[in-house]
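Chains as they are written, first to last, in UniProt numbering: chain Z, 1 to 424; chain G, 1 to 424; chain S, 1 to 424.
Listed below in structure tokens is the structure:
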């Protein structure tokens with residue numbers, strides 16, 4: 001018996017070696033593995049398709065890439081790590097002196113043992129990423145460079161997993177699948193999303209939950225372009241990224257700042273007494289950038305541990321499987337589960353007996369012995385729900401005004417609803 | 001010559017022995033005594049009358065009640081204190097062993113010398129309340145129990161005292177009259193309301209003031225049910241309870257939170273520099289629960305000293321006439337008087353010369369010698385009233401923005417109104 | 001080469017000796033000197049003209065005034081300082097004992113060497129202002145008093161300087177010109193306004209800027225009365241007063257409190273990291289009283305160093321040319337320049353590609369190499385402008401939400417506008 005944390009970490013380990021990019025077979029292989037956990041509907045969108053202001057690019061695939069010295073030793077080798085090649089590198093096969101080669105090499109001088117992650121999706125070029133200390137050790141001389149890649153018309157691949165709810169209103173959970181061998185960014189997010197979907201599938205949720213596994217930016221833009229009519233059903237959403245590092249949880253608000261997902265997530269984090277951070281929306285980060293563009297302005301926040309670019313290992317080879325832990329992923333998953341548990345029950349009711357208090361006693365909802373000062377929480381919760389059920393206050397509002405636990409408030413609402421005293 | 005505080009305390013002492021409940025002769029006797037101070041209009045509502053979601057219950061009267069040992073000694077005796085019998089006890093006449101009797105006995109183990117206050121209005125049962133030490137001293141054996149009460153069709157009794165104002169808009173001052181021998185809860189509130197009515201009757205108030213002396217919950221609900229058309233005239237209100245204990249004053253906001261009564265009372269408390277507390281609305285406490293139910297949502301706050309259940313003596317025999325003081329009741333009364341003095345003058349004016357400042361000098365309203373830096377408060381008040389008299393700002397708004405005393409602002413408004421520069 | 005601060009101080013020195021009042025030749029001489037710096041349109045409004053609630057008073061001119069002892073020595077002499085005569089004194093020529101004369105003498109007992117500034121515009125009287133120590137030294141006896149003044153039908157004089165903008169919406173900059181020999185109040189304000197106009201004239205501003213040089217109160221009222229149709233074009237404004245003393249800058253908000261001028265000025269002061277103070281509107285001070293009367297309620301704030309009546313030298317002979325410094329006036333001018341630079345570029349844009357992010361890369365607006373964490377400020381500014389350009393957020397809003405400098409945000413908006421991605 002392994003824990004969910006351990007299972008998520010095992011998934012990260014399986015996905016880690018694959019060379020993902022915004023298109024190509026690495027994404028397909030990734031989705032095939034996720035499909036073993038939750039059934040996916042995979043979409044293939046042809047190169048050249050207009051999606052909002054963008055065009056689906058050519059598909060990139062790579063088989064091999066290296067820099068070799070004159071003795072034939074591979075001094076930089078794609079086979080060792082998918083990070084070694086500049087993402088979307090055009091093919092190259094040449095011999096050149098180190099001085100010329102240098103213009104195509106990317107390193108991190110401040111972290112000489114780490115390999116950086118770099119891409120050039122929309123400007124055709126080629127390059128290698130390597131450790132500064134590797135570069136420093138290279139003697140001058142001629143080098144053979146070879147990138148066996150294909151950049152050709154093909155498809156952009158993304159996948160959906162939908163858990164039908166009682167209403168067509170949707171919650172979208174999105175994570176990007178375009179990063180190569182980087183564990184926290186975003187294999188941990190993918191793993192948490194996958195296990196969150198498994199957990200939700202065991203319930204009969206109110207909302208319809210849509211999980212989106214798509215390449216960053218262009219994937220979200222493609223989904224938005226192809227689902228114009230569905231977007232209006234998306235009431236809430238969460239982008240999952242950097243979900244497994246040792247830092248405390250960070251919730252980044254939607255552009256609206258006071259969307260229901262913002263209030264629910266912040267409530268859950270606060271009520272759980274976890275150390276955490278809440279940050280305002282910024283138009284940088286992950287696919288909340290697209291969901292929260294002003295034309296859509298969806299109620300989509302983002303949950304991370306240490307957020308985007310906030311840790312030195314970010315976008316380097318040091319973001320490896322050891323950087324993310326079962327415990328951290330389990331903690332992120334727990335907050336997601338709690339958040340959606342609250343969101344899913346958070347409704348506005350209307351008191352059907354709003355003039356004065358209804359007599360709870362004759363309905364068996366009130367302790368019969370008066371005069372005591374220890375009004376029970378459950379009774380207080382009923383009085384609060386009745387008092388604030390004016391169609392404007394949600395159960396979360398009641399929770400926050402009353403200081404009672406959300407579960408107590410929701411149970412009181414269920415009891416009152418059962419007695420016909422409130423309606424949704 | 002006695003002070004108002006002493007007179008209020010004397011009233012509390014007279015009312016203390018009576019056995020009040022939500023119906024019955026104890027309430028009638030209470031109202032007869034209050035009527036000696038301020039003329040009351042007494043209403044009798046028959047048992048069975050539908051009032052909102054409730055039904056007027058049977059009338060309860062009690063003549064005697066005791067527990068006697070086999071020697072005939074009354075070990076618990078209603079004649080000693082009206083608290084000794086469970087309110088609304090059904091009649092009983094029986095002999096039973098202590099073990100069986102115990103199920104009908106209520107004590108306060110944490111305060112072994114105090115007698116608790118308990119009721120069972122809507123579930124037929126009988127019981128006695130006694131000190132834990134009394135119970136502990138009872139030897140096993142047979143006891144005679146007798147409650148000579150009547151629970152029969154009759155009436156619910158409440159009373160009103162109205163001070164007509166210049167406008168039909170009403171201020172309601174409400175206090176509950178259903179508690180038996182408990183001084184702070186609510187004989188002190190009754191006494192303060194009575195003397196507040198006496199003071200207001202000496203003025204010619206702007207608003208019509210309606211004082212309501214009614215049993216808690218069912219009384220307010222009955223009044224609301226029978227005055228549906230009048231409720232829309234109720235612009236402001238105050239529930240008085242726990243008005244005589246040694247604690248500092250506590251103002252509990254209306255459900256609205258920013259109703260005019262909320263702002264006025266808080267202003268008066270702050271400006272008076274009394275230590276005090278302001279709490280948000282909760283749907284528990286006294287009859288603000290009914291006035292602030294979502295269907296009515298009236299601007300009704302509640303003024304107490306130590307609020308509901310906030311002191312150990314609450315709902316026990318320790319809430320006796322020694323627990324309340326003339327000084328505390330006089331202090332509560334003073335704040336009520338100040339609050340209604342401000343509320344009654346707090347109007348929105350419209351500047352009839354709103355383009356630039358009107359020339360106050362030629363109207364004799366402005367000091368003729370210019371250049372000095374010591375603009376007088378009265379002149380500043382006139383400039384503030386003129387500047388903010390746009391139909392949106394009340395004199396209280398002017399007071400708070402300007403930092404001037406309300407009386408100075410109101411006097412400036414009177415002067416400007418006299419000069420025809422503003423209209424209400 | 002002198003600095004702007006020195007040039008402003010030289011202007012203050014030239015204007016200082018003139019005897020200004022709310023009407024008369026002192027105002028005309030003042031405007032003639034200003035006209036040497038910026039061309040003025042001078043308006044003459046006849047005595048008796050109705051202006052809002054007021055009437056243009058008679059014109060006051062004075063040639064000489066003194067108190068002389070029996071030996072003919074002038075013990076108080078208008079020729080020494082224009083402050084020595086009560087403003088708007090009616091003519092007098094008489095001999096009287098000191099006891100009788102005392103009723104017409106104004107001193108500052110707390111500052112025995114200073115001469116106060118006093119006026120009586122609307123109540124006919126005469127008087128002299130002198131140092132307490134001068135008064136104390138006067139022996140009893142007869143004194144000759146003479147005020148050679150004229151109070152006769154004439155005109156009220158004020159002037160405008162207009163810098164045309166690209167839109168008819170106006171910014172008004174107003175300063176009072178009615179005070180006699182007082183340097184900080186308001187020759188420094190006049191000097192800053194004059195040099196601000198010179199600086200703005202070198203630009204091609206968006207707004208039309210109207211500089212108003214007018215006597216306090218009656219001048220602003222006269223302008224408002226004569227420009228009823230123009231007032232609706234006045235979108236923003238600033239009253240300049242007390243602009244040269246050694247104190248820190250003080251911004252007094254418009255009556256609205258959140259007008260654009262309020263937000264811009266506060267932003268500039270905060271961003272500049274100058275020590276400064278912001279105060280809420282009060283209906284006292286300078287001509288913001290008229291612009292912010294409730295009928296107009298214009299977005300007009302007031303910029304001072306130490307504000308009205310906040311320094312002991314206020315309205316005394318100690319407010320002389322030594323009390324104001326080139327450095328202080330240059331600092332006030334710099335903040336005005338920065339404020340109007342921001343205000344003038346602060347527009348609301350609409351993102352023309354609001355669904356998702358537009359692809360900046362193919363428009364040459366985005367760094368092509370992905371994966372790095374050091375997103376440049378200019379790129380962040382573009383993302384912020386795109387995200388918040390929904391027609392509701394101004395560039396100042398973008399600046400404050402993003403924490404980026406206003407100039408960076410405005411430059412990003414220019415770039416996006418140039419690329420056709422946003423429109424104003």
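Note that the Cβ used here is the ideal one computed from N, Cα and C, for glycine as well.
Query                                                                                                                       : Result
Alpha helix (DSSP H) runs contained entirely in the stretch 255-331 of chain Z, provided each spans 4 or more residues      : 260-271 and 288-291
Under 8 Å by beta carbon: chain G residues contacting residue 290 (chain S)                                                 : 356 and 357
Where residue 250 (chain G) falls: helix, strand or coil (DSSP)                                                             : strand
Spatially closest choice to residue 303 (chain S) from S:219, S:83, S:238 and S:37, by CA coordinates                       : S:238
Residue 361 (chain Z): contacting residues in chain G (beta-carbon distance under 8 Å)                                      : 122 and 123
Cα-Cα separation between residue 168 (chain Z) and residue 252 (chain Z), rounded to whole angstroms                        : 26 Å
Within 8 Å of chain S by C-beta, residues of the stretch 384-398 of chain G in sequence order                               : 384, 386, 387, 388, 389 and 390
Outcome for residue 93 (chain Z) when other beta-carbon atoms lying within 10 angstroms are tallied against a minimum of 16 : exposed
Distance between beta carbons of residue 133 (chain G) and residue 425 (chain G), contact taken as under 8 Å                : A query on residue 425 (chain G) cannot be resolved here, the shown segment of chain G reaching from 1 to 424 and no further.
Residue 151 (chain Z) - partner residues in DSSP beta bridges                                                               : Z:60
DSSP-derived helix/strand/coil call for residue 374 (chain S)                                                               : Bear in mind that a pLDDT of 49 at residue 374 (chain S), under 50, signals an unreliable position, so the number given afterwards is only what the model happens to contain. Looking at residue 374 (chain S) - three-state DSSP - the assignment turns out to be coil, as it is neither helix nor strand.
Rounded straight-line distance, which links the Cα of residue 38 (chain Z) to that of residue 119 (chain G)                 : 58 Å
From Z:390, Z:274, Z:149 and Z:404, residue whose alpha carbon lies closest to that of residue 423 (chain Z)                : Z:390
DSSP state of residue 96 (chain Z) mapped onto helix, strand, coil                                                          : strand
Chain G contacts from the stretch 45-58 of chain S (Cβ-Cβ distance under 9 Å)                                               : 51, 52, 53, 54 and 55
Chain G residues whose Cβ lies nearer than 7 Å to that of residue 293 (chain S)                                             : 354, 355, 356, 357 and 387
is_contact[residue 269 (chain G), chain Z] using C-beta, thresh 8 Å                                                         : no
Distance between residue 367 (chain Z) and residue 427 (chain Z) (C-alpha atoms, nearest Å)                                 : Any question about residue 427 (chain Z) goes unanswered here, given that chain Z covers just 1 to 424.
Opposing strand residues paired with residue 157 (chain S) [DSSP bridges]                                                   : S:44
Distance CB(residue 178 (chain Z))-CB(residue 27 (chain Z)) smaller than 8 Å                                                : yes
Every unbroken alpha helix (DSSP H) within the stretch 123-148 of chain G, with a cutoff of 4 residues, ordered by chain    : 132-136
Residue 255 (chain S): contacting residues in chain G (beta-carbon distance under 8 Å)                                      : 387
Whole-angstrom distance between residue 298 (chain G) and residue 197 (chain G), CA atom to CA atom                         : 21 Å
Contacts of residue 1 (chain S) in chain Z (Cβ-Cβ under 9 Å)                                                                : The contacting residues do not exist; residue 1 (chain S) stays about 46 Å from chain Z at best.
Cβ pair residue 396 (chain Z), residue 356 (chain S) closer than 8 Å                                                        : no
Alpha carbon of residue 420 (chain G) to alpha carbon of residue 405 (chain G), nearest angstrom                            : 23 Å
Exposure label - residue 290 (chain S); buried when at least 16 CB within 10 Å                                              : buried
Alpha carbon of residue 21 (chain Z) to alpha carbon of residue 159 (chain Z), nearest angstrom                             : 15 Å
One or two residues paired with residue 65 (chain Z) in a DSSP bridge                                                       : Z:147
Any chain G beta carbon closer than 8 Å to residue 351 (chain Z)                                                            : yes
Residue 380 (chain S) at chain Z interface by Cβ criterion, 8 Å                                                             : yes
Distance, residue 384 (chain S) Cα to residue 374 (chain S) Cα                                                              : Below a pLDDT of 50, predicted positions are generally treated as unreliable, and residue 374 (chain S), at 49, falls in that range; the measurement from the model is reported next regardless. Approximately 16 Å, taken between the alpha carbons.
Straight-line gap, residue 44 (chain S) to residue 156 (chain S) (C-alpha atoms, nearest Å)                                 : 6 Å
Those residues which DSSP pairs with residue 483 (chain Z) across a bridge                                                  : The structure shown does not extend to residue 483 (chain Z), since chain Z spans only 1 to 424, so no value can be given for it.
Residues that DSSP places opposite residue 425 (chain Z) in a beta bridge                                                   : Outside the shown range of chain Z, which is 1 to 424, sits residue 425 (chain Z), and nothing can be said about it.
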